[in-house]
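The UniProt record's numbering applies: residue 1 is where the sequence shown begins, and numbers increase by one. These notes are about the structure you will find just below.
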Amino acid sequence: MGLYIFQALCHVTPLRDYFLREINYARVKRPPGDSSFLLVQRFGELMRKLWNPRNFKAHVSPHEMLQAVVLWSRKKFQFTKQGDPIDFLSWFLNALHLALNGTKAPDSSIIYRTFLGAMRIRTRKIPPVELEEKQRSELLLTQEYQETVADSPFLYLTCDLPPPPLFKDEIMENIIPQVNLYNLLMKFNGETEKEYKTYKENFMKKFEITKLPPYLILYVKRFTKNTFFVEKNPTIVNFPVKSIDFGDFLSPEIKSLHKSTVYDLVANIVHDG
Numbered sequence: 001m002g003l004y005i006f007q008a009l010c011h012v013t014p015l016r017d018y019f020l021r022e023i024n025y026a027r028v029k030r031p032p033g034d035s036s037f038l039l040v041q042r043f044g045e046l047m048r049k050l051w052n053p054r055n056f057k058a059h060v061s062p063h064e065m066l067q068a069v070v071l072w073s074r075k076k077f078q079f080t081k082q083g084d085p086i087d088f089l090s091w092f093l094n095a096l097h098l099a100l101n102g103t104k105a106p107d108s109s110i111i112y113r114t115f116l117g118a119m120r121i122r123t124r125k126i127p128p129v130e131l132e133e134k135q136r137s138e139l140l141l142t143q144e145y146q147e148t149v150a151d152s153p154f155l156y157l158t159c160d161l162p163p164p165p166l167f168k169d170e171i172m173e174n175i176i177p178q179v180n181l182y183n184l185l186m187k188f189n190g191e192t193e194k195e196y197k198t199y200k201e202n203f204m205k206k207f208e209i210t211k212l213p214p215y216l217i218l219y220v221k222r223f224t225k226n227t228f229f230v231e232k233n234p235t236i237v238n239f240p241v242k243s244i245d246f247g248d249f250l251s252p253e254i255k256s257l258h259k260s261t262v263y264d265l266v267a268n269i270v271h272d273g
């Protein structure tokens, strides 16, 4: 799956242009003994091989790139073991950012300049349902149950699918539901509340996008793990490939800060099976 991640990233124009010219990162200095820059070098080599118009062969070997991934991830990601694509993407982008001497500043690396967005998260704790109404009301007045607001950066947005139907249709076949991408993105309009459960506590959260990045990565969360196995949600997500307007999910004040809120699809990675 890492190969598909590389192919997708190689079609992101500012990232491609940056790594096509080795001079853009040749002067980056790393501490003695630090091997993380190898990841940058190998990705640059892969990018130049993919976009070389004089390639003798029709295919490009990613072997050196994959070796660098295995080395720098301390074998978290390996040739022989299938990993979660979003785990790899998140790790790879952050590893490149740090190897390029990136900091928390939004413009400190080509990774952040291309993919970094920001959101505001409002969180409130929910009293236990088994309590009496009076006890719940008293808890809601305490500081612990007041709404908190936090600003958080993001490199991708996680879109949650509705749960699949439990029952079969009239011909006893599983129904494959469909959902529009815009319905999933309502999660980020600052008004839709979503419940999150931990082992002991429940929270309600609202997500509001405050800054859209030049290139936006959407992750549709299909897999859930339980005690026995990993379950895949088969819901089909319908979306346009051109002119997806994210301005509909921004407040007027936030939207006015963006020159454009319209996106076109550059790459799409799917899971078969």
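We put the CB at the ideal spot given by N, CA and C, even for glycine.
Within the model, the alpha-carbon separation for Glu253 versus Tyr196 is close to 28 Å. A straight-line Cα-Cα distance of about 21 Å links Val179 and Ile209.
When rounded, the separation of the alpha-carbon atoms in His258 and Asp245 is 12 Å. Bounds of the alpha helix (DSSP H) holding Ile5 are Gly2 to Leu9. Relative to the Cα of Ser152, the nearest Cα in the group Arg21, Lys242, Asp87 and Ile121 belongs to Ile121. The Cβ atoms of Val69 and Gly117 do not sit closer than 8 Å to each other.
For the pair Leu265 and Leu185, the Cα-to-Cα distance works out to about 15 Å. Under the three-state reduction of DSSP output, Phe223 falls in the strand class. Leaving aside the five residues that flank Leu50 on each side, the residues in its chain whose CB is nearer than 6 Å to its CB run, in chain order, Cys10 and Val60. Assignment of Gly190 by DSSP, reduced to helix, strand and coil, places it in the strand class.
Between the alpha carbons of Glu201 and Leu140 lies a distance of about 14 Å. With fewer than 16 other Cβ atoms inside 10 Å of its own Cβ, Gly33 counts as exposed. The beta carbon of Phe37 is closer than 7 Å to those of Val28, Arg30 and Ala99 in its chain, skipping five residues each way along the sequence.
Here Ala95 is buried: its Cβ has 16 or more other Cβ atoms, across all protein chains shown, within 10 Å. Under DSSP, no beta-bridge partner is assigned to Val28.
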